[in-house]
Each structure stands twice: as structure tokens, then as C-alpha cells.
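Worksheet: the structure to be examined is printed underneath.
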Amino acid sequence: MAHAYTPGLRVTEWARLTRERRLPLKGHVLVGQGDALEADTIVARCELPGNVQTVNLAARLSLDPVKVPAALLKPLGTQVAKDEPIADSRSLFGLVRTVATAPAKGTLESVSSVTGQLILREPPIPVEVNAFVRGAVAEVLPDEGVLVETRAAFLQGIFGVGGETFGPIAIVARGPDAALEAADLTAAHRGQVVVAGAYVPYAVLMRARELGVAAVVVGGFDDRDLRQLLGRDLGVAITGSEELGLTLVLTEGFGHIRMAERTWRLLAAHQGEQASVSGATQIRAGVMRPEILIPRAEGAEQRHPGGESGLEVGSPLRIIREPYFGRLGQVIELPPELQVLETEAAVRVVVVEFDDDHARAIIPRANVELIAE
16 MAHAYTPGLR VTEWARLTRE RRLPLKGHVL VGQGDALEAD TIVARCELPG NVQTVNLAAR
76 LSLDPVKVPA ALLKPLGTQV AKDEPIADSR SLFGLVRTVA TAPAKGTLES VSSVTGQLIL
136 REPPIPVEVN AFVRGAVAEV LPDEGVLVET RAAFLQGIFG VGGETFGPIA IVARGPDAAL
196 EAADLTAAHR GQVVVAGAYV PYAVLMRARE LGVAAVVVGG FDDRDLRQLL GRDLGVAITG
256 SEELGLTLVL TEGFGHIRMA ERTWRLLAAH QGEQASVSGA TQIRAGVMRP EILIPRAEGA
316 EQRHPGGESG LEVGSPLRII REPYFGRLGQ VIELPPELQV LETEAAVRVV VVEFDDDHAR
376 AIIPRANVEL IAE
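Be aware that the sequence shown starts at 16, since it is given in the working numbering, and climbs by one per residue.
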């Protein structure tokens, strides 16, 4: 008999993970197969072409465009400093000299005798890619990057913003159902991954940013505060490229939602250990979840979870639709027959017992999300 399967978030003590670290353009890979890596190890480097500055020499020097190439003081390909003379012209029988200077440091790339414009290319922009997580090089992608393999405790969130970061885990909130307060944060939390409880107010998140906190992991956050944080409506774009000064990961959703006990216990068990955090999220095709990786020490106990077994009696899950949105529970029964809802739709359901008050409810299977190990 086919089992019911509802995909969900992974919260596991041990996982073998591979992460691709790739340059935006071809460049140089700095590590080799099997090399041990720390999160901040630079694994590859390249240079992006510099910005282009356009200088209208014909207008500046009052010259016919066809005469501009001859007015250059330096040949094309020459590097120049900012405000260095690059072309000149003379008028009034050579008595008056007009000089055009470079608007920025760069290289004289080309000049047009049709428009009279000079193209100055600023210095290339160096781009470095780090390992992101402690591990080893599983595969080298020639001229492009590497695949990093790690053995880590692994948690996925519901939603996140902000880029990749890493730091030691600090349990700050008093419990999984407590809100983070400004008084809970100190200068000692600079560079750390702060674990809050059920909620973080906008003002407290700003305080965390002022203190230099690397990331905040929390159960819930107000969607209006998210709009204020980003300065715009999010829409459906991929997150993760925002420059916010910290990374925010929501483990449960929007609002004041108690952090799942299992998530809280796993993070608390690794307090003080280095964690790598990514806020990148995509909620449409090619789903991407924010994630927290906590590399395990060599010799740590290894658990090899089985394949995706789907929903079964005892499976932990999260409700993802009203009226029980955000609540956690476990499967008590999986009735095989279809049941008719108030909408008159006939669907398969699951009987859930909630973790907080042990009450039971019958919920459509499409409205639950398995918490995968």
C-alpha cells in the first residue's frame, strides 16, 4: 500500500552534506582534493571586470571627434591614476591649454573618433569564495570552484534573509517560547549566531545588528517588520543577497510562534560550537530553504537516517494552514478513507495530537508538513 508523504524541513543531529562553492566567472581554485577546510578558508578566486567610466573628451576639449585620438597624452592600455591628465588641446594659437583628467583610477581602454568619447576601465573587482562550512574538498571543479563535504548537525528553516555567515552558537532566550529582549544581548555576542525563542521584535533585531551579531535564529518574526527591514515588499524573489548587517532565519514562520522543541534542543546541545548559517530562501520552483550547519567533530556519533518513509504513526509534523497554523504535533492515525470537508472536498486526512495541550484534531494531509530527521 502506498504511504502518505508530505515533504518537510530537516532537523537532524547528523547528516553528510555536500555544498557547491562556485565562482561567478572562471578563475583560480586555491585548494586541492581532500584538503581540510575551515569555514573562512578561501577556496577560489577570480576578478570581475571593473566598472566603465565614459569621458566625453570632444566636449571637454572643444575638439572635433575625429581629432580626439590624437589628443591623448598616453597610449591605449595605459594605467592612470585619478585626476591624472589623459588628453589636452590648445587654442588661441597655442597660448591656452585645456586638459582633461581621469575621473577614476583605471586603464585607457578605447577611444572613438566618431563620438569623441574615451572608455576608461576601472581596476578589476576581486571576488573570493570561502568554504562556508568546516569540512574537506570532495571534488575540484577546474577553474570554477569545489564541492565541500561535511558531517554536521543540520537544520532547515521556513524563511530567511541575509547572506552566508558563521560563528559560535549562543543560546540567548530563556526558552523556546520566550521573546528575545534587548537586555538579553551584550557586546559579547559580536560575531555569534544568536538563538532566540519564539519571537524577536524589530527594535531588538536592530540592537543585534548594532552589536555585530552574525545571525539570529528565531521561531517567528512579524511580516511588517520584515518589510521595514528590507525597505521594500519582498515579492517572490530569491533572498540571500541582501546586505542587512546580519542574517535572520525563521524556524517556524511569521508571527509569535514557539520554536519547535526538537529544534531548540538540538541548537542548545551545540551551544558554543561553530555554526554556518545561510538565509537564502526560494519558495517557488527549485525550493531553497535557509539552513544551519553545525560541523561535527571527528569521531562524533554518526546516525544514518533511513530513506523518506513518509507520514506514519508517531511522525512529528507541523501544521501549515489555519486554523492550527504553526502548531506542532505527531501523527496518531492515518485513516485510509476519504473524508468530506466543509468545502465539500473529499480528501485524505491525518489525526494529529498537538504537543502543547495534547488535544487532537483531524486535518487534511495537504495542510501538514513532516519534520524530517
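Glycine included, C-beta positions come from ideal geometry on N, C-alpha and C.
Cβ-Cβ separation between VAL366 and ILE377: approximately 6 Å, consistent with a contact (criterion under 8 Å). Taking 8 Å as the upper bound for CB-CB distance, SER330 and LEU308 are not in contact here, some 24 Å apart. Of the residues assessed, GLU267 falls on the buried side of the cut-off, its CB having 16 or more other CB atoms within 10 angstroms.
Taking PHE269 as reference, the option from VAL233, HIS285, ALA284 with the minimal CA-CA separation is VAL233. Close CB contacts of GLU35 within its chain, under the 6 Å cut and outside five residues either way in sequence, are with LEU162 (chain order). Taking C-beta atoms under 8 Å as the contact rule, LEU226 and ALA146 fail to qualify, at a distance of about 26 Å.
Closest in alpha carbon position to LEU356, among ASP371, GLU348, ARG342, ASN382, is ASN382. Shown here, VAL129 sits in coil according to DSSP, grouped into three states, outside any helix or strand. Within 10 angstroms of the beta-carbon of GLU306 lie 16 or more other beta-carbons, which makes it buried. Less than 7 Å separates the beta-carbon of ALA59 from that of GLY160. No Cβ-Cβ contact shorter than 7 Å links VAL215 with LEU282. In the DSSP assignment, PHE369 is bridged to GLY344.
In this structure, VAL148 and PRO310 form a Cβ contact; the two beta carbons are roughly 6 Å apart against a cut-off of 8 Å. A straight-line Cα-Cα distance of about 17 Å links ARG247 and ALA295. Following the DSSP letters along the chain, one finds THR278 inside the alpha helix (DSSP H) bounded by residues 276-284. Assignment of ASP50 by DSSP, reduced to helix, strand and coil, places it in the coil class.
Secondary structure at ASP192: coil, using DSSP grouped into helix, strand and coil. Close CB contacts of LEU249 within its chain, under the 6 Å cut and outside five residues either way in sequence, are absent.
Residue nearest to ASP103 within the set LEU91, THR116, GLY287, GLU154 is THR116 (criterion: CA-CA distance). Ranked by how close their Cα comes to the Cα of GLU164, the residues LEU170, THR93, GLU154, PRO141 have GLU154 in first place.
For ALA85, the uninterrupted alpha helix (DSSP H) run begins and ends at 83-86, by DSSP.
Here ALA96 is not near PHE181, since their CB atoms are 7 Å or more apart. Cβ contact annotation for LEU78 (same chain, cutoff 8 Å, sequence separation greater than five): LEU72, ALA86, SER104, GLY131, in chain order.
With respect to the 7 Å criterion, GLU288 and ILE184 are classified as neighbours on the basis of their beta carbons.
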